[in-house]
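Each residue of the sequence shown is one higher than the one before, counting from 104 in our numbering. Each residue gets a CB set at the ideal place from its N, CA and C atoms; glycine is no exception.
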Amino acid sequence: MRECLSHNVTVIEKSRRIGISWVLSWLAVTVAMSSASAGGMDVFYMGYEKDMTRQFIDDCAEHAKLLVGVGLEVGEEVFPDPANPEKTIHVFRIKFASGFEILALPSVPRAFRSKQGLVILDEAAFVDDLAGMIKAALALRIWGARIIILSTHKGATNPFNELVKDCQSGKKPYHLMRITFDDAVSQGLYRKICQKLGTEWTPEGEKEWYDEILAEFGDDADEELHVIPANDNGVFLPLSLIEAREQKGVPVVRWERKPAFALQSKAAREADARQFCEDRLLPHLMAMKADTPHVFGEDFARTCDLSVFWFCAIESNKTKRTVLVVELRGVPFEQQRQILFYLLDRLPRFRAGKMDARGNGQYLAEVTVQEYGSRVEAVMISEAWYRETMPFLQAAFQDAEIVIPADRDIQTDLRAIKTIRGVARVPESRLTDATGKSHGDAAIAAAMAVAASRAEPEIYEYQRVPNQHAQLQGGRMSIEDEIEREDLGSNNDNWGLRGSV
C-alpha cells in the first residue's frame with residue numbers, strides 16, 4: 104500500500120485470486136477516512152462488472168467497521184445510462200466523517216468527469232476502452248490525483264500488456280509492480296487461506312495445495328498465475344522492423360584465428376593483433392565524430408561463438424547510431440583484451456560500456472572495469488536482466504532511435520531473440536547457420552550497447568584554487584611585484600618561485 108501511495112501512477116500486473124483487490128480496499132478506507140491534511144481524498148474504484156464493484160465496496164464497509172467501530176451504510180444509486188438508454192448505471196457509495204467518500208463506479212471514461220482523488224482501475228485488461236479510461240483518469244492528475252491500474256493478463260496484444268511494455272521500456276513514466284502467484288505463496292497466501300478455513304497449516308499441505316492449483320489451471324497457469332501474457336507467437340523483432348533500421352555502410356569488422364594461433368609466442372600474437380587493429384580498426388576510429396559521446400556493449404565467447412563489440416554514437420536527438428561492430432572468433436583472452444583496449448583508448452568521448460561477465464567473460468569484463476573504471480559495468484546476464492533490458496532494445500527499434508548495419512549475420516542474430524514465457528531473450532539453444540556456427544551474440548551486444556546509452560555519464564569538474572596574492576592585487580601581479588615576492592622567498596608562501604600554482 105505504501106508503494107502505491109508513493110507514486111503518482113502505479114501499474115500492477117498480477118496473478119489471479121491472490122487478494123490484491125482486498126488489500127486495495129483497505130487502502131481505500133484508510134485514505135477516505137483520513138483528513139485532507141493527512142492525505143485523505145475521495146476514492147474511485149472501477150471494475151469491469153457490477154459484482155466486482157459490489158464486492159469491493161462491501162469489503163470497504165467491513166474494514167471501516169473494524170477501524171471506526173460502527174457500521175457504515177453502503178448506498179446504491181441507479182441512473183439511466185445516457186450512452187445506452189436501455190441500460191442503467193449503478194454507483195455504490197460509502198461516506199466518512201472526514202467528508203471524503205468511496206465510490207464504486209462503472210468502467211467508462213465519462214465516469215471520471217468532475218472527479219478528484221485516488222483512482223483504482225481493477226482488472227484493466229478486461230475493460231472495453233482501456234486507453235480512454237487511462238486518458239480520462241490522467242486528467243485528474245492535474246489536481247494531484249493518484250492512479251492505480253491493476254490486472255491479470257489477457258493476451259500479449261491486449262492494451263494492458265502494451266501499457267506494461269511501455270512502462271518497462273520507459274515510454275511511460277509509471278511505477279510498475281509485478282506480483283506472481285509464487286510471490287503471494289511465499290508471503291503467506293496459503294497460511295491465510297488455512298486461517299480463514301480453520302485448518303492447520305503444514306509444509307506438506309501447502310505443497311499439495313500448490314500442485315493442485317497449478318494442475319487445475321493447466322495450460323492457463325502461465326497467464327493466470329505466473330503473470331505471463333498468452334497468445335505470443337515468440338517474435339520479438341519482426342524482420343520488417345529490423346530492415347527498417349538497417350543502413351548500408353555501417354562497418355562490421357570480423358577477425359577469426361585458427362586454434363594454432365593460441366600456441367604462438369606472446370610477442371607474435373600481440374604483433375598480429377596490433378596489425379589487425381591498425382589496418383582494419385583505426386580507419387573506422389578516425390572516422391568517428393570527435394564531439395559525439397560513444398558507448399559500447401559486449402557479448403563474450405572464446406571458441407565456437409563470437410565475441411562481439413558493438414559501438415554506438417549518441418546523437419543530439421538521442422538516436423543510437425551504430426558506428427562499428429567488431430566480431431572475434433577463436434581469439435585468445437589476452438588478444439581480446441588487447442583489441443578492446445585499443446578501441447576504447449581511441450573511442451571519442453567514451454561515456455559508458457556494459458559487458459557480459461558470465462563464465463569466461465568475467466576475466467575480460469573485470470580487467471576492463473579495472474582499466475576504465477565505473478564507466479564500464481560487468482553484467483551477469485539473467486532472466487531479470489533480459490526482462491529489464493530487452494524492452495529498451497525493442498523500443499529503440501519501434502521508435503526509430505537506433506541505426507544498425509545492413510548485415511545478413513547481424514540480422515539473423517537479432518531475429519534469434521524470442522519471447523519465451525513472457526520474457527524476450529536469446530535462447531540457450533541458439534540458431535546455427537550452414538557452417539554450424541551459432542547466432543545471437545550480436546543481439547546481446549546490441550542490447551548491452553542500448554543499455555549503456557542509458558547509463559549516467561561520468562562528470563569531471565575542475566575548480567581552480569584561488570591565489571591569495573593575485574586576489575589582493577585584484578588580478579595579475581606586475582613583474583616588479585613578482586620579483587619583490589621572489590626575493591622574499593618562502594616566507595610569503597611561494598617558496599621562492601615566481602608565479603603561483
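In the structure shown, residue 106 adopts helical secondary structure according to DSSP, grouped into three states. In this structure, residue 440 lies near residue 467, with their beta-carbon atoms less than 7 Å apart. C-alpha of residue 122 to C-alpha of residue 509: approximately 50 Å in a straight line.
Only residues of its own chain outside the window of five on either side were considered, and among them 144, 145, 146, 147, 248 have a CB closer than 7 Å to the CB of residue 220, listed in chain order.
In this structure, residue 554 keeps its C-beta atom at 7 Å or more from the C-beta atom of residue 423. In the DSSP secondary-structure assignment, residue 496 is not bridged to any residue. When the five nearest sequence neighbours on each side are left out, the beta carbons in the same chain lying within less than 6 Å of the beta carbon of residue 357 are those of 430, in order along the chain.
Counting along the chain, residue 124 sits inside the alpha helix (DSSP H) bounded by residues 123 to 135. Taking the Cα positions, residue 384 is about 8 Å away from residue 446.
In the DSSP annotation of this structure, the continuous segment of the beta strand (DSSP E) that includes residue 459 starts and ends at 453 to 459.
DSSP assignment within the stretch 297 to 344 yields the following whole alpha helix (DSSP H) runs of 4 residues or more, N-terminal first: 306 to 320, 324 to 327. When C-beta atoms of the stretch 494 to 503 are compared with those of the stretch 467 to 478, fewer than three pairs fall below 8 Å, so the two segments do not count as touching. Judged by DSSP in its simplified three-state form, residue 409 adopts coil rather than helix or strand.
Around the beta carbon of residue 257, a 10 Å sphere encloses 16 or more other beta carbons of the protein chains shown; the residue is thus reported as buried. For residue 204, the enclosing beta strand (DSSP E) starts and ends at 204 to 209. Following the DSSP letters along the chain, one finds residue 506 inside the beta strand (DSSP E) bounded by residues 505 to 508.
By the neighbour-count criterion, in which a residue is buried when 16 or more other Cβ atoms sit within 10 angstroms of its Cβ, residue 105 is exposed. Assignment of residue 277 by DSSP, reduced to helix, strand and coil, places it in the coil class. Excluding sequence positions up to five before and after residue 156, its CB lies within less than 7 Å of the CB of 148, 150, 195, 207, all in the same chain and listed in chain order. Looking from the CA of residue 416, the closest CA among 267, 216, 399, 266 belongs to 399.
DSSP places residue 150 in the uninterrupted beta strand (DSSP E) bounded by 146 to 150. Closest in alpha carbon position to residue 401, among 165, 107, 469, is 469. DSSP, read as helix, strand or coil, puts residue 199 in coil. For residue 142, the secondary structure class from DSSP, reduced to helix, strand or coil, is coil. Below 8 Å, too few C-beta pairs join the stretch 509 to 525 and the stretch 361 to 380 to call them touching: fewer than three. In this chain, the beta strand (DSSP E) harbouring residue 480 covers 479 to 482. Between the alpha carbons of residue 211 and residue 228 lies a distance of about 14 Å. Taking the C-beta atoms as reference points, residue 251 is found no nearer than 7 Å to residue 133. Secondary structure note for residue 397: it is in no alpha helix (DSSP H), and the uninterrupted beta strand (DSSP E) holding it is 397 to 402.
About 17 Å separates the beta carbons of residue 328 and residue 490, which is beyond the 8 Å limit, so they are not a contact pair. Residue pairing by DSSP places residue 180 opposite 194 in a beta bridge. Per DSSP, residue 381 is not a residue of any alpha helix (DSSP H), being assigned neither H nor E. With respect to residue 225, residue 124 sits close: the two C-beta atoms are nearer than 7 Å. Here the C-alpha atom of residue 421 lies approximately 17 Å from the C-alpha atom of residue 393. Spanning the alpha carbons of residue 266 and residue 237 requires a straight line of approximately 10 Å. The three-state reading of DSSP puts residue 432 in strand, counting E and B together.
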